[in-house]
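Chains as they are written, first to last, in my numbering: chain A, 247 to 403; chain B, 34 to 138; chain C, 29 to 441. Even glycine gets a Cβ: it sits at the ideal position worked out from N, Cα and C.
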Amino acid sequence: MAKKDKLQPLQVFQYLPGTNCKKCGFLTCFAFAFALIGREKRPEDCPDLLTEQYISALDFLNGHFGGDFSVEKTGLLIDEEKCCGCGDCVAVCDKCQGTVMFGSGIVIPRNVPPVLKIVDGRVRVVEWESCKRCMDPPEYCRVCEERCPFGALELVR
Amino acid sequence: MKLTIVTYRDIFLWSERYKENGQPAAALVRLSPKDLADLGIAAGEKLKLTNEEGSIVVDVLAEPKCPSGYGYMPVSPLVNRLTTCRHGKLPNFKHIEVKAEALES
Amino acid sequence: MSAGEMVCTACSCLCDDIEIEIENGRIVSMEKACRKGTAFFFGSENERLRTVHLVDGKQVDTDQALAAAAGLLSRARRPLVFGMDNASLEAQRQGIELARMLGAVLDDSSSFCQGKLTHDILTGTLPSCTFDQIHDSDLIIYWGSNPHNAQPRHLSRFSLYAHRKYHEMGATRYVTMAVVDVRESETAGAGVAHRFFRILPGEDSNFIAAIIEGIKGNPVRKDASGFLKLLKQSRHCVIFAGLGLTYSLDNDFSLFYEMLKHLGGWMKTFVIPMSGHYNVRGFNYSLYNATGCVNKVNFAGGAVSHGDEFSLLEQVKNRAADCLLIVGADPFSSLPISVLKHLDGVPLVTLDPFRTATTEASSVVLGVSLTGLESGGTAMRMDGTTVTLMPAKWTDKQSDVQILERLKELLRP
């Protein structure tokens with residue numbers, strides 16, 4: 247899923263009441279929009295959204311941020327129903343997480359097992375510790391999300 | 034309104050074929066928003082496609098990047114009720130001319 | 029529990045790195061296989077989706093079913109053998125011999141798919157390469173094909189992501205992937221393809237003509253000049269020709285070949301047809317070795333004749349065939365109903381591991397094992413490489429090779 251197809255915080259903000267009532271625990275509605283995208287809060291956590299006036303906005307937000315999900319440690323959210331098992335993420339992750347780049351163009355291999363694996367036609371995470379987001383310092387790599395043709399992978403952070 | 038249907042392949046519908054009682058939801062057509070407005074229907078409603086070979090009823094989905102006058106349908110036995118094959122030519126899987134009309138619900 | 033590697037026969041990629049675990053004769057898990065392959069093999073576990081030997085809807089044993097099939101085929105005056113795209117090379121050899129013995133017309137789905145391109149590759153007029161040679165290329169073009177839906181592991185295992193020079197990091201791009209298609213498919217989407225050229229349905233010939241004009245130095249439409257710029261930078265290009273190109277050009281590739289000839293001035297171009305069933309290329313190869321034609325062959329009178337009138341579609345439309353032997357194909361799902369209505373009253377003999385629309389309409393159904401999982405053999409990948417299939421699971425069903433061999437023995441005059 248390319249960045250332009252992803253729901254951006256400002257787009258989410260437009261569905262929120264915009265009253266900055268602070269009932270959700272955040273100072274502004276814009277901060278709540280970020281929390282929704284980061285899957286830290288659910289749409290029901292905004293009391294105003296539950297009123298009659300915002301029923302269509304709540305439907306829209308539940309379509310994107312509702313339902314059952316579990317965000318993994320590195321912020322990866324997998325929608326198994328959308329995955330076709332093509333293995334593109336496994337291939338690009340292997341090329342990316344297996345190496346670290348220092349300076350301009352010096353590539354050093356990391357000797358780590360693969361992060362992702364295709365099991366029963368769906369993508370699974372098998373080894374968290376190999377992800378570049380678990381390195382010290384972390385590198386916020388997003389190739390798996392960018393290269394997924396069906397948008398089954400989403401990095402929420 | 035006249036439409037030209039182009040078929041495409043969909044892996045999710047294809048996988049449904051190997052499930053028991055898996056009724057693949059192949060009855061859908063993707064149209065440009067302009068054609069939807071011209072037909073006077075919204076996404077999710079039913080559309081009737083007719084030509085000399087037969088007629089089918091399909092659900093409508095909007096695809097913003099679809100050119101006007103064309104529709105995309107997944108390959109399935111259903112779409113083959115509309116396809117034909119003229120002498121010495123390949124079957125017109127990618128060029129099915131149909132008449133589309135909105136169905137009163 | 030046993031774990032091992034197997035070859036997936038759900039599409040023409042023939043991925044040979046699938047890891048399968050089998051416990052008590054049931055598949056427990058499959059690793060690396062895509063959704064298509066997983067659905068195919070897990071579906072084969074469900075007995076209600078599988079075929080048994082049937083004569084007129086009643087279950088019979090192998091001998092009775094074979095006798096009924098032989099009876100129908102021997103009574104037929106103009107039999108037609110169709111399919112064998114989902115059969116191993118050994119089964120295809122038996123099928124070709126059987127068709128020759130019956131004096132039948134022999135055809136497969138390549139007559140309305142990629143048969144023309146495969147014919148030109150086999151006769152040497154169209155340059156083609158294997159997947160290994162993709163590593164030398166700097167431009168990969170998917171023309172009218174959508175591998176993420178038809179051959180899901182094509183990119184990750186063979187073409188772009190498997191490319192030796194493909195790097196996720198770094199500013200220089202050594203290999204470019206372009207998509208020419210009528211629909212912005214998943215492959216053409218922003219995250220995957222580097223360049224996408226959208227053309228209108230049926231416009232491929234205009235687009236190709238514009239490229240040829242551009243090569244000659246004439247001003248052309250904007251997207252064609254962009255495509256030409258991409259071609260000018262390339263020295264080695266692989267074109268994956270999909271069904272979109274074949275249907276749009278309506279099997280007349282003369283303009284496409286003229287473009288390739290012009291491109292030959294500065295670059296090497298190779299074409300690989302994207303076929304659907306796992307062994308279409310193998311059938312074309314087997315029949316080409318046996319007769320010199322890739323499909324649409326008539327064995328009547330002991331001689332071999334070839335012509336467009338021997339394709340399945342023409343034979344059915346003209347009601348020329350009076351008995352059909354269908355081996356591992358499903359024409360009732362994939363062909364126009366306006367053509368299939370001419371098959372009313374024509375007895376069908378079908379060999380298929382799965383229940384399909386065709387087996388429901390058949391007089392005699394011969395339930396066979398699933399090649400790749402339950403029986404072995406060899407098959408040819410879409411690029412022409414032969415892959416050995418090893419059975420991973422035991423079955424009491426007979427393979428299509430054994431059934432065709434026994435049918436041949438029964439029909440031997």
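Taking the C-beta atoms as reference points, C:V415 is found nearer than 8 angstroms to C:L42. Taken in chain order, the whole alpha helix (DSSP H) runs of length 4 or more contained in the region 125 to 198 of chain C are 143 to 151, 175 to 178 and 182 to 185.
Cβ contact annotation for B:P107 (same chain, cutoff 8 angstroms, sequence separation greater than five): T40, Y41, R42, D43, L46, A59 and L61, in chain order. If you look at C:A96, you'll find it in the alpha helix (DSSP H) that goes T90 to R103. A straight-line Cα-Cα distance of about 12 angstroms links A:P395 and C:R181. Residue contact check for A:K252 against chain C: no CB pair falls below 8 angstroms.
For A:K287, there is no enclosing beta strand (DSSP E), as DSSP gives it neither H nor E. By DSSP's assignment, C:R78 forms a beta bridge with C:F382. For C:L167 against C:A218, the beta-carbon gap comes to about 19 angstroms, at or over 8 angstroms, which does not count as contact. Within the DSSP secondary-structure output, B:P107 pairs in a beta bridge with B:Y41. In this structure A:K328 is not in contact with A:A281, their Cβ atoms being roughly 23 angstroms apart against a cut-off of 8 angstroms.
Within chain C, H176 and E214 have C-beta atoms less than 8 angstroms from the C-beta of A:F396, given in sequence order.
Contact fails between the region 70 to 89 of chain C and the region 206 to 216 of chain C, because fewer than three Cβ pairs, one in each stretch, are under 8 angstroms apart. C:S361 and C:F224 have their alpha carbons spaced roughly 32 angstroms apart.
Separation of the CB atoms of C:D113 and C:A357 is rounded to 6 angstroms, and the pair is thereby assigned contact status at 8 angstroms.
Neighbours of C:Y306 in chain B, taken as residues whose beta carbon is under 7 angstroms from its own, are absent, since the nearest beta carbon is some 14 angstroms off. Restricting attention to beta strand (DSSP E) runs no shorter than 3 residues, the region 320 to 372 of chain C encloses them at 351 to 355, ordered along the chain. Proximity of C:C39 to chain A, defined by a Cβ-Cβ separation below 8 angstroms, is not satisfied. From the listed residues A:E375, A:V353 and A:A279, the smallest Cα separation to A:V402 is found for A:A279.
At least one CB of chain C lies nearer than 8 angstroms to the CB of B:V39.
A:D382 has a beta carbon lying at 8 angstroms or more from every beta carbon in chain C. Contact between the region 270 to 281 of chain C and the region 85 to 98 of chain C is not established, with fewer than three Cβ pairs separated by less than 8 angstroms. The C-beta separation of C:L353 from C:V325 comes to about 14 angstroms, leaving the pair out of contact by the 8 angstroms criterion. As the crow flies, the alpha-carbon of C:P107 is around 57 angstroms from that of A:H310.
The CB of C:Y170 never comes closer than 9 angstroms to any CB in chain B; the least such distance is about 13 angstroms. By the 16-neighbour rule on beta-carbons within 10 angstroms, B:K132 is exposed.
Classified as buried, C:L130 has 16 or more neighbouring CB atoms from the shown chains inside 10 Å of its CB. Nearest Cα to C:F110 within the set C:A97, C:S138, C:K369 and C:E196: C:S138. Contact annotation: in the region 41 to 70 of chain B, residues whose CB is within less than 7 angstroms of a CB in chain A are I44.
In the three-state reduction of the DSSP assignment, C:Q87 falls in the strand class.
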